[in-house]
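When we follow my numbering, the leftmost residue of the sequence shown carries the number 678, and every step to the right adds one. Where a beta carbon is used, it is the ideal one built from N, C-alpha and C, also for glycine. In what follows, a single structure is set out as structure tokens and then discussed.
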Amino acid sequence: MPLHSLLALENLRLCVCIFVYVWVILLNCGQNSRGQLVVNARNRGGETIVENITANTSADTVTLELLNSDGSYVTQFIDFKSEVQIIRIYVLGEQELGQIQPQIFCFITRFMRNDFISSDAMSKLRQV
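Okay, structure coming up:
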């Protein structure tokens, strides 16, 4: 496949990923039935990772966000109405390898409703 075709395909994939991510953000904005929980988790290396879990019962969605110690930022968006899960991973470029731009990975999958805790149950979780 010619290089210009590969670049066009990569740009299209990035645009779709950005569109989906913006759509998710807009879908979550302005809703008043939200529950938020911040979890401090320790990884195997002993580092503390902060996970932010937001449930929106009006839209029937759950969003989990976390910043890893390597600088990667992970967002998992679960839409129970559409039974769709979107995972977005933002990875910083490796300067030693000449990668100056970050990489963005976007995965969209379908799931069964019982695979995750419902948005209603997540919204009722409280900080201790």
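Taking the alpha carbon of residue i as the point to measure from, which residue in the options has its own alpha carbon closest?
i: residue 730; options: 754, 777, 786; result: 754
i: residue 771; options: 760, 749, 736, 758; result: 749
i: residue 758; options: 752, 751, 787; result: 787
i: residue 764; options: 752, 756, 718; result: 752
Verify whether the separation of the beta carbon atoms of residue i and residue j is less than 8 Å.
i: residue 782; j: residue 739; result: no
i: residue 726; j: residue 714; result: no
i: residue 760; j: residue 741; result: no
Is it buried or exposed, residue i, if we count other Cβ atoms within 10 angstroms and call 16 or more buried?
i: residue 747; result: exposed
i: residue 799; result: buried
To the nearest angstrom, how far is it from the Cα of residue i to the Cα of residue j?
i: residue 722; j: residue 745; result: 12 Å
i: residue 695; j: residue 732; result: Residue placement at residue 695 cannot be trusted, given a pLDDT of 49 that sits under 50; the coordinates are not used to answer.
i: residue 779; j: residue 724; result: 23 Å
i: residue 698; j: residue 735; result: Confidence at residue 698 is low in this model, with a pLDDT of 48, below 50, so the placement of that residue should be treated as unreliable; the coordinate-derived value is given next. Taking the straight line joining both Cα atoms gives about 19 Å.
i: residue 707; j: residue 773; result: In this predicted model, residue 707 has a pLDDT of only 44, less than 50, meaning its place in the structure is not dependable; the value taken from the coordinates is given anyway. C-alpha separation (whole angstroms): 42 Å.
i: residue 795; j: residue 777; result: 39 Å
i: residue 790; j: residue 769; result: 33 Å
i: residue 762; j: residue 737; result: 12 Å
i: residue 802; j: residue 767; result: 27 Å
i: residue 702; j: residue 784; result: For residue 702, the predicted structure reports a pLDDT of 47, less than 50, and the residue's modelled location is therefore unreliable. A value from the coordinates is still provided. Cα-Cα distance, rounded: 16 Å.
i: residue 717; j: residue 756; result: 24 Å
i: residue 797; j: residue 775; result: 45 Å
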